[in-house]
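Note sheet for the following structure.
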Amino acid sequence: MMFSLTILLILANVGVSLACFQNKELFYKLCLNPYAVHHRKEWHRLFTHAFVHGDYLHLGLNMYALWMFSGEQTPYGNIFLEESFVSHFGSAKGEFFFLLLYVGGILFSSLSAMRRHRDNPGYNAVGASGATSAVIFAFILLNPLQGLGIIFIPVYIPGFLFGLLYLLLESYMDKRGQTHIAHDAHIYGALFGFIFPMVLDYEFLLYFIESIRAYAGI
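This note's numbering puts the first residue of the sequence shown at 100, with every later residue one more than the last.
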């Protein structure tokens with residue numbers, strides 16, 4: 100069944116998040132608390148936090164992004180990242196690599212929080228934003244000229260420019276602070292998503308470069 104992993108990931112996110120909305124004790128057992136990971140060796144938090152969300156809006160936005168870039172035709176065109184992996188690598192290997200992309204995005208996006216907050220018992224983080232950032236940037240690598248935009252704003256720019264602006268904005272917001280959003284997780288997840296497919300096949304990078312060269316007329 101095509102998009103089976105995408106559907107399963109969405110169902111897992113929705114199921115765990117809804118359970119945590121009703122059970123705050125479960126919420127705090129699954130969230131990313133770098134202090135608990137580092138000092139109490141609760142390693143599961145590095146993974147489980149990505150299936151927990153702060154509220155319905157947080158959950159909805161992340162699942163919308165995952166579905167739009169992995170599992171369905173969208174206003175931007177045919178964006179089927181999971182299908183792209185299957186087509187390129189074969190069925191079993193493609194699904195496995197897509198799952199590694201998602202899981203790797205979760206783990207890699209946790210690195211900054213672990214470095215910054217491992218001695219801060221009051222810091223907690225939740226959400227699939229690191230994983231969805233990985234999915235989005237893997238898509239950008241494979242489709243650098245596909246028009247992308249912000250939800251509800253009908254202005255689209257080539258994916259590689261969208262990605263650059265995204266990283267610049269997230270870096271600015273991370274340095275500025277004053278929000279409760281883990282912008283560093285978005286950055287780390289995005290970088291993982293962009294690099295991981297290159298490790299699997301360097302031809303993705305060559306295609307990315309050639310596409311930009313053609314766009315720029317170089």
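For each residue, glycine too, the CB sits at the ideal point set by N, CA and C.
Because the structure is a prediction, the values reported are computed rather than measured.
Proximity to Ala-111 [Cα-Cα], best of Glu-124, His-138, Val-136, Thr-147: Thr-147
Confirm, please, whether the CB-CB distance from Ser-169 to Leu-244 is below 8 Å. no
What alpha helix (DSSP H) runs, 4 residues minimum, are completely inside the region 245-315? 258-275, 282-299, 302-315
If you follow the alpha helix (DSSP H) that Ala-233 is in, where does it begin and where does it stop? 228-241
Bounding residues of the alpha helix (DSSP H) (the contiguous stretch that carries Tyr-332): Only positions 100 to 317 of the chain appear in the structure, and residue 332 is not among them; the question remains open.
Kindly list the residues whose CB is nearer than 7 Å to the CB of Ser-211, restricted to its own chain and excluding five residues on each side of it in sequence; keep chain order. Asp-283, Ala-284, Tyr-287
How many Å lie between Tyr-127 and Leu-305 at the Cα? 44 Å
Please confirm whether Gly-229 and Ala-149 have their CB atoms less than 8 Å apart. yes
Relative to the C-alpha of Asp-300, which residue among Asn-219, Gly-193, Ala-164, His-143 is closest? Gly-193
Using CA atoms only, rank isn't needed, just tell me which of Phe-236, His-157, Leu-247 is closest to Gly-204. Phe-236
Buried versus exposed, by CB contacts within 10 Å (16 or more), Ala-227: buried
Three or more C-beta pairs closer than 8 Å, one from the region 253-268 and one from the region 195-202: is that the case here? no
For the candidate residues His-157, Phe-295, Arg-144, whose alpha-carbon lies nearest to that of Arg-217? Arg-144
Express the C-alpha separation of Gly-246 and Ala-315 in angstroms, rounding to a whole number. 15 Å
Can you say whether Pro-174 is buried or exposed, counting buried as having 16 or more other CB atoms within 10 angstroms of its CB? Low confidence applies to Pro-174: its pLDDT is 48, below 50, so where it sits in the model is not reliable, and the reading given next is rough at best. That one is exposed.
Excluding sequence positions up to five away, which residues of its chain have a Cβ less than 8 Å from the Cβ of Val-151? Val-115, Ser-116, Cys-119, Phe-126, Leu-129, Cys-130, Val-225, Gly-226
Applying the 10 Å Cβ sphere with the 16-neighbour rule, what's the burial state of Gly-262? buried
Short Cβ contact (8 Å threshold) for Thr-231 with Ala-164: yes
My understanding is that Met-162 touches Ile-239, with C-beta atoms under 8 Å, so please give their C-beta distance in whole angstroms. Wrong, their Cβ atoms sit about 20 Å apart, outside the cutoff.
Rounded Cβ spacing between Phe-291 and Phe-179 (contact assumed at less than 8 Å): Wrong, their Cβ atoms sit about 20 Å apart, outside the cutoff.
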